[in-house]
Ligand SMILES: NC(=O)c1ccc[n+]([C@@H]2O[C@H](COP(=O)([O-])OP(=O)(O)OC[C@H]3O[C@@H](n4cnc5c(N)ncnc54)[C@H](OP(=O)(O)O)[C@@H]3O)[C@@H](O)[C@H]2O)c1
């Protein structure tokens, strides 16, 4: 199995649908993004697939990720739903296949869910097995149950939910931390330090937040609709914050989780 090399930033697609999704993904790839994140439950895999089939970058330069949703955790469903995702994405394989949430249905079937994912790797349909919304304890368990490496954990992470414990844990395990909602879902303006730093560096607040993630070896996957936002976010790969400014963000005391899972999903508990 080849090693996964994730670029500094990826492109999130939750809530992008239809033409917005197709055009957004196409433009993102055009300006340099190489990692595209979707999920079965986003109901946009076919639009991502349209964009992928129109773009001219070679397949092996792209990292395409999708996620198996909680109603598909049975052994057979993991497989059939992934084949369906591949069909929609118009791909022979995905680079990253995530377990989307550690729901009750996952807890019941963890071993067979991971077995099916492992077989998808053997079949060449998936390159890397990944998890999402897992706390250290559930990552540890998945590692024990799976006969292949778990390559990444995708979780909510931003200046108001800094995930220090998970960052340290995943770094020890040599796993990627992929950060969702890295722009606090459009709420960066609430954070005074981010505003001040944006003024200091003469860049957007989004760039400051994304540059902070990159400084922590975390891979942010911001979602954006307009070309202006998509481009602005990509520019963050060239923004180097001074150590003292990174520390200012590290020292933010306010905490806010943007995504509180419904009852049928196990609460992440971190
Ligand atoms: N694994 C999971 O359970 C999970 C959960 C949530 C999200 N995700 C993934 O993570 C991705 C990102 O998270 P997210 O969509 O929750 O939130 P986000 O990326 O933190 O924020 C998206 C919001 O920020 C706005 N925005 C984007 N670029 C901007 C810029 N340069 N300046 C100002 N505003 C900007 C967007 O507006 P416009 O769209 O109008 O540009 C949108 O309202 C998702 O799309 C999805 O792929 C995964």
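Residue numbers (the working numbering): 888 to 1157.
Where a beta carbon is used, it is the ideal one built from N, C-alpha and C, also for glycine.
Fair warning: this is a prediction, and the values are worked out from it, not measured in the lab.
query = How many Å lie between residue 990 and residue 1089 at the Cα?
reply = Distance between the alpha carbons of residue 990 and residue 1089: 43 Å.
request  = Can you give me the Cβ contacts of residue 1080 inside the same chain, cut-off strictly under 7 Å, excluding the 5 residues immediately before and after it?
outcome  = Around residue 1080: 1135, 1136, 1139.
task = Check residue 982 in the structure and name its three-state DSSP category.
result = In the structure shown, residue 982 adopts extended strand secondary structure according to DSSP, grouped into three states.
message = Assuming the contact rule is C-beta atoms closer than 8 Å, residue 984 and residue 932 should be a hit. Round their C-beta distance to whole Å, please.
response = No, residue 984 and residue 932 are not in contact; Cβ-Cβ is about 12 Å, not under 8 Å.
request  = Give me the Cβ distance between residue 1108 and residue 897, rounded to the nearest whole Å; I'm assuming they're in contact under 8 Å.
outcome  = The C-beta separation of residue 1108 from residue 897 comes to about 4 Å, placing the pair in contact by the 8 Å criterion.
ask   = Where does residue 1043 land, buried or exposed, given buried means 16+ other C-beta within 10 angstroms?
value = Taking every protein chain shown into account, the CB of residue 1043 has 16 or more other CB atoms within 10 angstroms, so this residue is buried.
Spatial neighbours of residue 1014 in its chain, beta-carbon cut-off 8 Å, leaving aside the 5 residues before and after = Excluding residues up to 5 positions away in sequence, 888, 889, 891, 980, 981, 982, 983, 1008 lie with their Cβ nearer than 8 Å to the Cβ of residue 1014 in the same chain.
Opposing strand residues paired with residue 1090 [DSSP bridges] = Answer is none; residue 1090 lacks a bridge partner.
task = Below 7 Å CB to CB, which residues in the same chain sit around residue 1161 once its five sequence neighbours on both sides are set aside?
result = The question about residue 1161 has no answer here: the residues shown for the chain are numbered 888 through 1157.
task = Compute the Euclidean distance between the alpha carbons of residue 1002 and residue 1132, then round it to the nearest angstrom.
result = The alpha-carbon atoms of residue 1002 and residue 1132 are separated by roughly 44 Å.
ask   = Okay, do the segment 902-911 and the segment 950-970 touch, 3+ Cβ pairs below 8 Å being the bar?
value = The segment 902-911, when compared against the segment 950-970, does not touch it at the 8 Å Cβ threshold.
inquiry  = ligand 1 and residue 1073: does the residue's C-beta get closer than 7 Å to at least one heavy atom of that ligand?
reply    = Answer for residue 1073: yes, Cβ within range of ligand 1.
query = When you compare only the Cα positions, how much space is there between residue 1125 and residue 961?
reply = Straight-line Cα distance between these residues: approximately 43 Å.
task = With hydrogens ignored, establish whether the beta-carbon of residue 1102 is closer than 7 Å to any heavy atom of ligand 1.
result = Checking the Cβ of residue 1102 against ligand 1 gives no.
ask   = From residue 1075 to residue 1010, what does the alpha carbon distance come to, in whole angstroms?
value = About 43 Å.
Residues of its chain near residue 1146, where Cβ-Cβ distance is below 7 Å and the 5 sequence neighbours each way are ignored = Once the five neighbours on either side are set aside, the close Cβ partners of residue 1146 are 1043, 1068.
query = If we ignore side chains and look at the alpha-carbon of each, how far apart do residue 1111 and residue 1120 end up?
reply = Rounded to whole angstroms, residue 1111 to residue 1120 spans 8 Å at the Cα level.
Cβ-heavy atom distance, residue 936 to ligand 1, below 7 Å = No, the beta carbon of residue 936 sits no closer than 7 Å to any heavy atom of ligand 1.
message = Which of the three DSSP states is assigned to residue 1019 in this structure?
response = Residue 1019 carries a strand assignment under DSSP once its states are collapsed to helix, strand and coil.
query = Since residue 1105 contacts residue 1054 with CB under 8 Å, what's their CB separation in whole angstroms?
reply = With a Cβ gap of about 7 Å, residue 1105 and residue 1054 count as contacting.
Nearest-angstrom Cα separation, counted from residue 924 out to residue 942 = C-alpha separation (whole angstroms): 16 Å.
Separation of residue 910 from residue 1051, as counted between CA atoms = Rounded to the nearest angstrom, the two C-alpha atoms are 35 Å apart.
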